[in-house]
Each structure stands twice: as structure tokens, then as C-alpha cells.
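Engineer: In order, the protein sequence lines correspond to chains S and Y.
Okay, so the first sequence: first residue is 1 according to the numbering used here, each after it adds one.
Okay, so the second sequence: first residue is 910 according to the numbering used here, each after it adds one.
Glycine included, C-beta positions come from ideal geometry on N, C-alpha and C.
Take a look at this one; I'll ask things after.
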Amino acid sequence: MRNYTKVLKIAPAFLLAGTMLQAQTKDSLKTADIEQVVLIGYGKQKKTDVTGSISSISSKDFNGGATSPAQLIQGKTPGVSITGNSGAPGAGSSIRIRGIGTLNGSQSPLIVIDGVPQDFNGISGAADPLSLINPNDIETFDILKDASATAIYGNRASNGVILVTTKRGSAGKLKVNFSTLASVSTKMKNTPVLNAAEFRDFINANASAAYAAKLGNADTNWQDLIYQTAWGTDNNVALSGGIKGLPYRLSLGYNEQNGIVKTNSFRRTSVGLNLTPKFLDNHLSVTVNAKGTFTDNQFVAGGVIGEATYFDPTQPVYSGNSAYGGYYEWLLNGGLNVNANANPLARLAATRDVSSIWRGLGNIQLDYKFHFLPDLHFNVNAGYDYAKSDGAKTENGLYKVAFADKGRYRSYSQEKKNKLLETYLSYTKNVEAINTNVDLVGGYAYQNFYRFEPFAPTFNGNNVPPVMGNNVEVRNVLLSFYGRGIFTIANKYIVSASVRRDGASRFWNGVDKKNLWGTFPGVSLAWKINEESFLKGKGINTLKLRAGWGKTGNQELRDVADYPAYSSYNLSNGGAQYYMGDTFYQMLRPNIFNPNLTWETTTTKNIGLDYGFAKNRIFGSIDLFEKVADGLLVDSPIAAGDVSNHNALNAGTMNSKGIEGSITLVPVKAENTTWELSFNATHYNSEITNLVNGADANYYIAVGDISGAVGNKIQAHVVGNRPYAFLVYQQVYDNAGKPLDGVYVDRNGDGKINASDQYYYKSTQPDAILGFNTKFTHRNWDAGLSARAVIGNYVYNNAASNSSLQSGSTNEYLQNVYYTAVDNKFSIPRYFSDLFVENASFFRLDNVNVGYNFRDVFAPGSSLRVYGMAQNVLVITKYTGVDPEVFGGIDNGYYQMPRVYSLGLNFNF
Amino acid sequence: MKSFKIQLKTLIAAASVAALFSVTSCMKDLEQTPIVDVTAENIYSNFANYPNALAKLYGGFAHGGQEGGGGNPDINGIDGNFSQYTRQLFTLQVLPTDEAVIAWNDGTLQNIHKMNWDSSSEFIGAFYYRVYTEIAFCNDFLRNTTDEKLASYNITGENLVQAKYMRAEARFLRALAYYHALDLFGNVPFATVENMPIGSTNPPPRITRPELYKFVEAELLACANDLKNPKAAGYGRADKAAAWSVLARLYLNAGVYTGTTQYGKVIEYANKVITANYGLKSKYQDLFLADNEKNNPEVIFPIVFDGLKTQTYGGTTYLVHAAVGGTMPAADFGINGGWSGLRTTKAYVNLFGGAGTSDVRGNFYTDKQTLEIDDIGNFSNGYPFIKYKNVTSTGAPGSDVAGNFVDADIPLFRLADIYLMYAEAHLRGGGGDAGTALGYVNALRTRAGALPVASINLNFILDERGRELGWEMTRRTDLIRYGKFTTASYLWPWKGGVKEGQAVEDYRNLYPIPAKDLIANPNLVQNPGY
């Protein structure tokens, strides 16, 4: 195996990163002079005046080659961690801002696209709502990180807010941008299990003669057979300009990407239209955004990666006869061995799992400047978000996977309709008398989320009528009132205060409204020290001290009923009836609910310093924060005697402290050459301070399902520890360093090894997350690199823990084992040994690219940039599995991130 | 930049007016109620829904949740199939005895047969919570069908009569669940209609074993009054005979539960059942087959399963699949494949004098299996015990064509059990007649193809209960009553974790209250020893 030592020996000064440059490089020397403007929710502020902790990333800094929006900003800003949900194209990413601050609530930030706050859940077939937007249409991400900035978004803001702005047109003559990218993706590596010769030795040495007789004569590398080299293409055309003064931007995109596992493919066609006309002598600005995407997915059959890992390498792919589609399958007593794993290639041949998603997001914003009082604006934002997914999964009865049912077919659909109406008044005035700029906003928002999923029966080929069940239909409504005042005094002292009052229908219990409404204030101050007379002219471009405090809420629950506060009864489906007397009856069950349920509250304190020197050739920021979360939603065990043994309670509290910082250096800034480096780092520590009232110190909630036997969980939340800590036994080793089978440290010294000897060892929370980016340009050439490192990240290697001497030969079939099983020689799987919690610290080169720009190629002002790019080319880690960056911390048949090599063209005229 | 000179002032005015209106009308929008699931008023005001509500009370013994195959489970922390009532009853009543061992390594499952469980056992917890959700469902039904509530929902006439029978059935099912709590846990929380409304944050009070015994007895006596006559309620529903059977079982074990024996009452209630026109099924094996609801004069109270409509991976699906493995042909059992789990020990085989017995109740599979168990995790160690099958009495397979879900019902109480209770109570001085007792025992033996005996004694009855009621969820209770569950007076393979068997601590005659409930409910006290 590889033998990489230290993960990080890279001095901050030499960091390589990559970006995708647009044209208009003539302005590059002047960018520092253009005032950057940042969105702050219901308004904008100059970046130099911002009082909260806000990061803004625009398209010139985006990562290239992103197939989903979140990848554009991976590694770019401190405190924001983006992990792909899987390597399958279209799978989207999970975003975490400043770690995890909740247990059963949603951990994702609120995403607002062109002023329309999104639903936290995706639609079936696309778990990440952001993944349905074409990344090429995005102009800026403004990330609000601390509560003083996010409090304006009230009860959805505890995990941060990301404001996404799509590209606008600009009036003037027609500009065309055409880009195309062709890419090749390959897998990183295989899970390290034994090859055929090693497996033969293993079985002959450790299994009985009866099992050794089951070995085959072939030499099959199943993992190689299910992976493929995948081709992909991404094409975009954007036209922007003005027609009779109506600025517009029209974009069309087509992305087709195959996955590195056979049969996996993704196609997305997207259309975007943006109009920004002005009427009434520029008193009325209208923005119309309309985006539509149509996505076609073919998913990989579930479980096939695990099957390819474990299938016996000594067996051939085909059996030589025509049974079960001609593929080799494990047999027993003349029929299929139902306990054995299925041939992965047969599963791929048997399964067709497709879905199509149509999504339309449109909104119209009106900004009316009153004629009689031009400083007063009236804004209306009305939006409609519609998504419909249709999918079908067919499993062919000729093959093992659906043989007993003679084939299976299930078609499902889901529909979502979200409506938004916001109105607010804003008033901006520079009051010279007190040398203050006053910016006031006050308004109202209404959002209505609706989801409908008709029951999707599964049809079997054996003519048994399918079991019927209930539809899912849920509506929830959010109502808010908000206001904010920002006072900029003498252009040096800035005070901002906001308050939002939010009502959520989710907590309606039919009796009283006290749990629906909450108030979320936020206050922040900034002192632009560089504007003070004693610092003027000393070469300090930016020195701003910021402090903020705010309260935010989290009302989005996970894994809890849709109406968790309201009493209801559920009718069982057709397979769950009971025979009473003379006929079958469906059962009516009273559902558990919590009439006192309300949202979680997080109070955040933040102090930050923004700095910039040497004509802004060195700039950056540092932030220190502390978050205290109260009333955390915990799916808690409750006393026996109620209609369930668990209920959603507001019982937990959690504390997080952290520090994050970034620095950007521009060592070279000459007429023909520039070189920019930036580095960001985050460290945070979350600790659970209370779980259930009245519990003793040892009380824990088990989480983290692992595979291998049913019901085992490897992580736990416990007071005094980080969330998702691993709860395991401490392995004992012999003098040679080899682990002893089933021998653990008797931590409480009572002479017995039982659950009381388990301890909390590490967690999924890393010690530090680092990002590195650099770009270099010389005349028409450009090059860039971006990389990330995560230190102190631990992952439970379930593939390794599932292997043992017994797992190779059990239930009348043979199964491959992880390479460590040969040396460990554990007799049975030892799931709970800390041996399998591996250090997964890593350094990853996310993106390397080189390009050449042919300027003025067809006409003055046009450009053609040709570039080559490689993504995920290098991972340095001690982790023995495939990929150390496993979302959730449990590595179990994970669809790995591909290596991608691409060639692209970007043409502007 | 040019701008359009179109009058849009009206548009602005309209928009702002609309916005103002929408503020007030939207306030009501915060009162969102479930769209698909229904509320208590909708259900109980219409008598047509009452059987569906009652079905959940019965179904709580058969299903893990609201979907076939264990989906939408009622309790969490353990898979909906694993936590099914009869599957866990089997795990706690049969697996720690001479009757069964299991090969699987799921969690702490091996601790059950080895008898070294502790209060963190997820299987003990699963059964405990299953009992209590059953009690909670019954309480909810009773809360909504009090005389006042029925009057307020306008349930009158024949509907009212039937509703009152349903109430008695709910009380019976609750008493049965409390009976299991009494037998396995002893000193437990006491949840009633009044003290545990749904979503309550007040944990229920504790009740000690003797007090709980009195409650269960009083409930069963009330049901025995209010339920329909034997065989008049329809298959699967509780009637007076079901109440009498549970009473007989309760009284048989009264010495263990309260310290005071009640053998006379065992005879009284056994006689009530026996004289109520039950008879033995002519073929023993047919009692456990897919069509065991047909022509069955012997069953008093079954838990009913069906391959298409009552689908669970617990229940008889578990009992059939788990016990098939090795060279046993799955098709003979009406399923698509065995799970290679359950076998029995040589102590149980010896009750029959060996595997070659003529007694059809001693049906063991010996091909490529060893009698000795060296390794519990190896299915070929130990003889599989053939009892439940998913084929009918004519050999046809069950209704689920895919061979997954089993049709066979579990006879929770049947006449044979009552006969043996009579005989035992008589031998223990409860009254009755010696000749009748002997006659009952021999009737069971001749039916099973075993030779009749000339006389019976207490130890013989224990062994006969083992032979007749093998894998029928009674073994642990019987062994405790005879003082043989934890002591060295009866050792079986792997008792106490050693191959030849050894005694274990006496406190293991009661299971521990799960650690989670001790934390959630400060009124509770752990059982001694744990």
C-alpha cells in the first residue's frame, strides 16, 4: 500500500490553485479600484462597509469544471466545507458552514437563489436542490456566516445563509459567450480486497474443506469490471445585450456526463432568461429571472459497488449456461442461495433505474423609487418554484435480483410547488447634518411549500396484485416580518441592527400559537480603522474590526414526521392488514406527536478583523466565533407507555467555538504577469452540553448505521463530547503490533469486557480544514491550482470491519475480504474495535488548469481561451480505503469521486 | 439607458394593495393540519372506522409498523421486523432455553442463549417497547370509546353493542400485553388511559409485580364477563375462552408472580375452556401449517399472519425462514430460501429419546447436521427443529408466490396447553381428577404417535410441555416455575456460555428494565442484580 507520511508539509507561501478566467482581462489591473458590493439579504453593502462575517465569491474565482454549483466554491472560503454526496454525476453536495450545530435539525445552510429562499429538501432523484441549477449561470455566491448577518433570515438561518445571484445582462451591443468542455473521468482506485490468488490462499488456510471446494478457477477483478472510463461534455451558450434598452441575458446549456460506474449517466438541459428593464424614467427597475432545467438520470443499481468489492474473485462472470441470464450466481440445493451476494454485472444488466426532473424557477422583482421621495424604495419579490420528478425502476426477472418476483417495476413521481411573496420598503439617505448614512429596511415575507407524492406501488411479474398505501401530501407555510437599520457614521463607524419575527406552520398543534412565533434579533458593529486620521496615508488599505451578536432559528427537521406537533392517525398499507373475524382490515395507528415542539435557537457571537496592505496586494480576514445552540431538536427516547418509544423533543444544547481566517497575496502584479495566492483555514470544536433533561452522565444516543448484521450503530451523541463521536472498544495489540482477536482494554477494571468498556474515540469533526488557491497569468497564458487539506478527520472503515475469517465463508458461499483480514485473522467481524476508526486526514489537489487566450481573434474585444484541466488528481492520505473524504464518516460501499481530465474552449465576442 | 414610458403606475398600486391584503389572509395559513393522515374526531365519529382502529390493537402483535415487511415502524432503535412482537417473544422465551440456539451475530443476540444479557440489550429493549406501545394503542382506543365518548359521537343501537364488545377486546389485549410484562419484567411502568395521553411529558408511575398481578387478574375477569362467548367472535378475535386461557396461565404461575399459589383456580378456568366445545386437531403437524386457520377446533387465540396482507419478517416468516439452512430444501417449507439461524440443543432432542422417535412432535433434520454444538455460529452444529411451514395440509405452497412471507398463524393458546395445565395443577394439589389428568396427557401423546403412559408426575409434565409446546413461547416460564431456568438442576448446551452448560445468577429469572427507560422514567427501579 502507499506510504505517504506527513499530510501537510506545505508552507503557506507556496500554494497552488486554479480558477477559470473569463475574458475582459484588460480590467484585471483595475479590479482593486472597483468597489465590491456584497449582498446582505434584502439589500446590498459595499464590501468595505460590511459588519457581519460575510464571504463573497464571484465567477472569476470559481473552480472550473463544476457540474454542480456547490463545487464552484469548494475550498475557496474559510468556514465553508463542501463535500460531494457521492461521485455519481448529479448527486450534488452537502454544504456545512462552521461545522455542525444541530443533531436532528437540518445541518444545511439556507440557500436563496435570486432572492427566492429554497426548500431544504431536494426532490426525489436529486437530493441537493442546488444541483438543478446550471453552474455556468451563477455570478456570485454571498455567504453569510454569523448570526448578525443571518438573523435577517430568522428561523431558517442557524446554519448560515448562501445568497446565489445569477448572471444578468448588460445593455449595449450583443455579447456572445460560448463554452464547451469535453472530459474523461476515471476511478481513483479499487477498495483493497484480495485478488484471486490471495483469496485462494486465504480460504485454503482458514476455511473448512467443504468451503474450499467452492473456490472457482477464474481470476476476476470485479471492481475493474463495474467501473468504466466515463465521457462527458458540457456546452453553454449565453447571449446578452440590450434590445431597445431592455437588457437581457439568455443562456442555454447542455451537460451530459456518464458516471464511472457502468450504466450511470446524467443529462441536463438548462435554459435561463434574465431581463432587467427599467421603466418610468428609471424609477421602476424590474428584474425577471426564469430558469428551467430538465434533467435525465440513470442511476446505478443500489448495492452494486459493495457487491463488486465482496464477490468471490475466483468465480467467472458467466456461468456458461443460460440460467439467471447467463451470469454466475451462487446456488444452493438446486436453487439460488438467497443469502449470497448477487453477481454485480448481472445486477447492472437487470436494473434500469431512471428519473426525469423538470424544474422551473421564476421570480419577478420590482424596485420602485418613489417619485415624491426618491430615497424611499418599494420592493416586491414574487417567485414560483415548480419541480416535478418522474422515475421508474425496472428489474428484470430473468436475473437473480428479481427472480423470485419474476421481475419488478415501480414508477414514482413527486411534485413540488413553492410560492414566495415578499414586499419591503427601503430608505437610504446620507444625512449630512450628522455625517451619517442611514439605510433602513422593513418588510414582510410569505412562503408556501407544497409537496405531493402519490403512492408508488411495486408491480411484480408474478401477477400478485401490488400492495397499496398512502399518498404523501404536505404543506407548510412561513410568515415573517423583518426590519433592519444600518448607520454609517463618518464613513468610519458602522452600526447595524436587525430583527425578524417568524411564524412557522410546522409547529401548529391545534391548540395555541405560542410555539409558532419567534423573534430573532441581530446586532453588529464595525470600525474602519484605516479611515481614522492616525492611519491615513500609512499604506494600510483596509483595517476593519467587526463584532456581532445574533439569534437565529432552525425549524427544519430531519427524520421526523411532517406534522410533528399535531395529533393524527395513519392508515396502514395493503401489506399490513390484520384478519379479524371474517375479513382483513387496514390498521389505524395513533401517531406520536409533541404538542410543545418548537424550533431550535442558536446565539452566535463573532469578532472579526479585515485587513489589506500594500495596495491590497496582501489582504484577508480573521474571525473568531462562538455558537450556543439551545432547544436542539433531538429524536429522543421517551418513557415507555406512549404510542412510540421516541419523540421529537427540544431537549439538547450544544456549544461550538472556532476560528477561521484567510489571506491572499499578490506577489507579482506587472503589466504582463500576475500571480495571486490565497490560503484559508478553519478550526472549530463543537461539544454537546445537554441531551435529555435528567439523564445521567453516561446517557448517549446511538447513531451511524453500519452494515454487517442488523441494527449496529458505531457513533453516538453524548454530553461532553463532539457529535457523531465513535463509540468503540480499545483494541489490544501484541508486542509485534498485531491486534489480538476480540481482546480489548478493560477500561473500568471490573474483569469483564462489556459495553461499559467502550469509549468515545475521535469523531467525524476534523481539527482543521485548509484551502489553497493560486493563479498565475503571463501574457496570454494562465495557470491555476486549487487544493484542500483536512486534518484530524477520522473515518470508520466498514469494508475492513466487515471482513474476518468467518465472513469469507458463511451461509454456503464465499465472499472476499479486505486485505487486512489476512493479517488480523479475526475469527468473526469485530465491528466495535477502534482499529477500524482510521485517520483519514488528507491533502487533495482539487483542480489544476492551464490555458491560453487568443485575444482579438475574430474581432476586437473577442477572445478564445483554450484550456486543459485535471480534477482530483492527487490525494495524499494514510487512510487505507478508497477515498478519505466520506460524508458522514462511515465508509461503506461509497461511490468514489472520479479523477477528471478535460479540455475546454471558452469563446467570447 | 432608455426607459419605457408605459403607465405602470396602476400595476404598482395594484401590487401594493394585493400585498397588504395577503398579509391578513395569510395568518390563517399558519394553521396547517395533516392532509393525508386523519384525526381522532374523523375516526371515532364513524362506526365504520372502529374495526380499523381495533385492527391496530390486534395487529400490534403481528406487525412491526404500518407497512408490510416492517416499514413505517412503530418504535425506533431497532428494525421493524426485528422488533415484531412474537419474534421478540420467541427471542426472550425460547432462545435462552434448551429449545433453541441461533447462529447470527446481530448485536448482542448471542447473549440471550448464553444468559449473560444486561440492561443495554437491544432485543430486551425491543420487546419491552413493543409491549408498551401495544398497551398505549389499547389505552388510546379505550380513551376514545368510553360511554361518554360513544354517546357524544352518536354511536347507538347495534353499533353500540358491538362497540362495547370491541372495548372488551381492547381490555383483553391490553391485559395480555401486561401479562407478558408481568412474566418477563415484573416491576414495570403502569400506563393507564388517564395517566398517559399521547405526547405526555409525565412518565408513568411504577407498579410492582404483585400489584400488577392483581391488575391483570381483575382485567381478565372483567373481560371474561364482557367478551363474546367461545367461538362466537370470529377467527382471530378474543372471546371468553381466550380470557379463561390467560387466566389459567396466570394462576398456574401465581406462585412465581406473588408468592401465593392458585392451583385451584387453574383447574376452574381450565375446565371452563375444556367444556366449551374445543377439541384436538387430528393431525399434530397441521396445527403449524399455512392453512392452520381451517378445520382447527383446537386453537383458542391465534396471532394471524398472511403472505399477502399480513407481511412481516417477524412472526411465522421468521420462524420458518430462520430455521431452514444447510441441506434442508427450502421448497419443502414453502419459502425461497432459509436464513440458517435456528437449531435446537441435544437436551431438547433427548426429551424425545433421540431423533429417531415415532413421536411426530420430535421432528428433527439430521442430514449433514451434528447433534453436538461445538460452535453456535455454525448452522451445521445442532439439529434443526421442524415445526412451522409455509405449506398447506395438502402440500401446496403458501399464498406469497415469491416465497417470502408465510401464511401460518401462531397458536398463542390452544387446547393442548390447557390439558397440560390441568394435569399439572392437579398434581400440585389444585383439585380435579387424577384419571382425567392422565387421560388428557395420553390423548396428546396418542395424537402425536407417542406411546401412552401409565402414570404421570411433575417432572414428566415439564418434559411433556416441552414436547407438546416446543417453540411455542412458554418454555422459559415453565422452567422458572420448576426452578430450573437459572439453577444447576437442569443444564443444557451453552447455558451460561459454556459448552456443557452451567448455572447462572438467580436474578436472571427476571429480565432487566432497559437502561434507556430507567433514564427516561425516574419512577422506575431496576430489577435486582442488574
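1. Take the Cβ of S:Ser28 as the centre, count every other Cβ of all protein chains shown within 10 Å, and call the residue buried at 16 or more, exposed below.
2. Skipping 5 residues on each side, what residues in its chain have a beta carbon closer than 6 Å to that of S:Val474?
3. Out of S:Gly334, S:Ala346, S:Gln315, which one is the CA nearest neighbour of S:Gly325?
4. If we ignore side chains and look at the alpha-carbon of each, how far apart do S:Tyr585 and Y:Leu966 end up?
5. For S:Phe291, write down the residues that DSSP places opposite it in a beta bridge.
6. Measure the beta-carbon distance from S:Glu687 to S:Leu633 and round it to whole angstroms, keeping in mind my assumption that it falls under 8 Å.
7. Taking the CB atoms as reference points, tell me whether Y:Ala1199 and Y:Val1300 lie closer together than 8 Å.
8. Whose C-alpha, out of Y:Ala1317, Y:Thr1303, Y:Asn990, Y:Asp1283, is nearest the C-alpha of Y:Ala1012?
9. Evaluate Y:Ala1072 with the Cβ neighbour count: other Cβ atoms within 10 Å of its Cβ, from every protein chain shown; 16 or more gives buried, anything less gives exposed.
10. Taking C-beta to C-beta, are Y:Ala1428 and S:Ala695 nearer than 8 Å?
11. Terminal residues of the continuous alpha helix (DSSP H) containing Y:Leu1159?
12. Quick one: is Y:Trp1248 buried, meaning 16 or more other Cβ sit within 10 Å of its Cβ, or exposed?
13. Closest Cβ-Cβ distance between S:Asp296 and chain Y: below 8 Å?
14. For Y:Tyr1216, name the three-state secondary structure that DSSP assigns.
15. Check whether the region 635-644 of chain S and the region 1091-1110 of chain Y touch, using three or more Cβ-Cβ pairs below 8 Å as the test.
16. Taking Cβ positions, are S:Leu770 and S:Val848 nearer each other than 8 Å?
17. Using the DSSP secondary-structure output, state which residues sit across from S:Leu814 in a beta bridge.
18. Along chain Y, in chain order, which residues have C-beta atoms closer than 9 Å to that of S:Phe593?
19. Here's the rule: buried if 16 or more other CB atoms are within 10 angstroms of the residue's CB, otherwise exposed. What is Y:Lys1149?
20. Got a sec: which bits of the region 754-786 of chain S sit with their beta carbon under 8 Å from any beta carbon on chain Y, in order along the chain?
21. Would you say Y:Thr1226 reaches chain S, if we count a Cβ-Cβ gap shorter than 8 Å as a contact?
22. Tell whether a beta-carbon distance below 8 Å holds between Y:Leu1051 and Y:Ala1090.
23. Suppose contacts are defined by Cβ-Cβ distances below 8 Å. Is S:Ser413 in contact with S:Pro454 by that definition?
24. Residues in the same chain with beta-carbon distance under 8 Å from Y:Gly1168, minus the five sequence neighbours each way, listed in chain order, please.
25. Hey, does Y:Val1310 have any beta-carbon neighbour from chain S nearer than 8 Å?
26. Considering only DSSP beta bridges, list what S:Ile113 is partnered with.
27. Which chain Y residues sit within Cβ distance under 8 Å of S:Met468?
28. For S:Asp891 and S:Val795, I'd like the C-alpha separation in whole angstroms.
29. Using 8 Å as the threshold, is the C-beta distance between S:Trp508 and S:Tyr566 below it?
30. For the ligand FAD, is there a heavy atom less than 7 Å away from the beta-carbon of S:Leu545?
31. I'd like the span of the beta strand (DSSP E) that includes S:Ala629, first residue to last.
32. Report the three-state DSSP secondary structure of S:Lys46 (helix, strand or coil).
33. Since S:Pro316 and S:Thr220 are thought to touch, with beta carbons under 8 Å apart, how far apart are those beta carbons, to the nearest angstrom?
34. Note down the Cα distance separating Y:His972 from S:Asn797, rounded to an integer number of angstroms.
35. Which residues in chain S sit within 7 Å of Y:Leu939, going by Cβ to Cβ distance?
36. Okay, do the region 232-252 of chain S and the region 201-219 of chain S touch, 3+ Cβ pairs below 8 Å being the bar?
Structural biologist: On the basis of the data shown:
1. By one-based count along the first sequence, residue 28 of chain S stands at place 28. With a pLDDT of 34 at S:Ser28, under the threshold of 50, the modelled position of this residue cannot be trusted, and the question is left open.
2. Stepping through the first sequence from its first residue, residue 474 of chain S is reached at position 474. Here the set comprises Arg451, Asp562.
3. Locating residue 325 of chain S in the first sequence gives position 325, counting from the first residue. The residue with the shortest Cα to Cα distance from S:Gly325 is S:Ala346.
4. For the purposes of this step, residue 585 of chain S is taken as the residue at position 585 of the first sequence. For the purposes of this step, residue 966 of chain Y is taken as the residue at position 57 of the second sequence. Rounded to the nearest angstrom, the two C-alpha atoms are 12 Å apart.
5. Indexing the first sequence from 1 puts residue 291 of chain S at position 291. Correcting the residue identity first, residue 291 of chain S is Lys in this sequence and not Phe. Answer is S:Gly272, S:Leu361.
6. Start at 1 with the first residue of the first sequence, and residue 687 of chain S comes out as number 687. Start at 1 with the first residue of the first sequence, and residue 633 of chain S comes out as number 633. No, S:Glu687 and S:Leu633 are not in contact; Cβ-Cβ is about 18 Å, not under 8 Å.
7. Along the second sequence, one-based indexing puts residue 1199 of chain Y at 290. Along the second sequence, one-based indexing puts residue 1300 of chain Y at 391. The answer is yes: Cβ separation under 8 Å.
8. The residue given as residue 1012 of chain Y occupies position 103 in the second sequence. For Y:Ala1012, the nearest C-alpha among the options comes from Y:Asp1283.
9. The count along the second sequence starts at 1 and reaches residue 1072 of chain Y at position 163. By the neighbour-count rule (16 or more Cβ atoms within 10 Å), Y:Ala1072 is buried.
10. As a working note, residue 1428 of chain Y is residue 519 in the second sequence. As a working note, residue 695 of chain S is residue 695 in the first sequence. Looking at the sequence shown, residue 1428 of chain Y is not Ala but Ile. It is a contact, given that the beta carbons lie within the stated cut-off.
11. Numbered from its first residue, the second sequence carries residue 1159 of chain Y at position 250. Element bounds for Y:Leu1159: 1149-1161.
12. The count along the second sequence starts at 1 and reaches residue 1248 of chain Y at position 339. Per the 10 Å Cβ criterion, buried.
13. Position 296 of the first sequence, counting from 1, holds the residue named residue 296 of chain S. Cβ-Cβ to chain Y under 8 Å: no for S:Asp296.
14. Along the second sequence, read from residue 1 onward, the residue named residue 1216 of chain Y stands at position 307. Here residue 1216 of chain Y turns out to be Gly, not Tyr, going by the sequence shown. In the structure shown, Y:Gly1216 sits in coil (DSSP, three-state: anything other than H, G, I, E or B).
15. yes
16. Along the first sequence, one-based indexing puts residue 770 of chain S at 770. Along the first sequence, one-based indexing puts residue 848 of chain S at 848. Result no, Cβ atoms of S:Leu770 and S:Val848 do not sit closer than 8 Å.
17. Taking the first sequence and counting its residues from 1, the one referred to as residue 814 of chain S is at position 814. DSSP output for S:Leu814 lists S:Ser809 as bridge partner(s).
18. Numbered from 1 along the first sequence, position 593 holds the residue referred to as residue 593 of chain S. Among the residues of chain Y, those whose CB is under 9 Å from the CB of S:Phe593 are Ile1107, Gly1108, following chain order.
19. Reading the second sequence from its first residue, position 240 is the one you call residue 1149 of chain Y. Y:Lys1149 should be labelled buried.
20. Asn754, Ala755
21. For the purposes of this step, residue 1226 of chain Y is taken as the residue at position 317 of the second sequence. Taking Cβ atoms only, chain S never reaches closer than 8 Å to Y:Thr1226, which makes this a no.
22. Here residue 1051 of chain Y refers to the residue found at position 142 of the second sequence. Here residue 1090 of chain Y refers to the residue found at position 181 of the second sequence. Result no, Cβ atoms of Y:Leu1051 and Y:Ala1090 do not sit closer than 8 Å.
23. Mapped onto the first sequence, residue 413 of chain S falls at position 413. Mapped onto the first sequence, residue 454 of chain S falls at position 454. Yes, these two residues count as a Cβ contact at 8 Å.
24. Locating residue 1168 of chain Y in the second sequence gives position 259, where the first residue counts as 1. Pro1119, listed in sequence order.
25. For this step, residue 1310 of chain Y is matched to residue 401 along the second sequence. Output row for Y:Val1310: interface = yes.
26. On the first sequence, residue 113 of chain S is found 113 positions in, with the first residue counted as 1. Paired residues: S:Val116, S:Val164.
27. In the first sequence, counting from the first residue as 1, residue 468 of chain S sits at position 468. What S:Met468 touches in chain Y: nothing, since even the nearest Cβ is about 11 Å away.
28. Within the first sequence, the letter at position 891 stands for residue 891 of chain S. Within the first sequence, the letter at position 795 stands for residue 795 of chain S. The straight-line gap from Cα to Cα measures roughly 7 Å.
29. Against the first sequence, residue 508 of chain S aligns to sequence position 508. Against the first sequence, residue 566 of chain S aligns to sequence position 566. Contact: yes.
30. What this structure holds is no ligand at all, so the ligand FAD is not there to describe.
31. For the purposes of this step, residue 629 of chain S is taken as residue 629 along the first sequence, with counting starting at 1. Element bounds for S:Ala629: 618-637.
32. As a working mapping, residue 46 of chain S is identified with position 46 in the first sequence. DSSP places S:Lys46 in strand when its eight states are reduced to three.
33. Taking the first residue of the first sequence as 1, we reach residue 316 of chain S at position 316. Taking the first residue of the first sequence as 1, we reach residue 220 of chain S at position 220. Right, their Cβ atoms sit about 6 Å apart.
34. Position 63 of the second sequence, counting from 1, holds the residue named residue 972 of chain Y. Position 797 of the first sequence, counting from 1, holds the residue named residue 797 of chain S. Each residue's alpha carbon lies about 34 Å from the other.
35. Translated into the one-based positions of the second sequence, residue 939 of chain Y becomes position 30. Per Cβ cutoff of 7 Å: Val477, Leu479, Gly503, Ser505, Trp508, Leu516.
36. no
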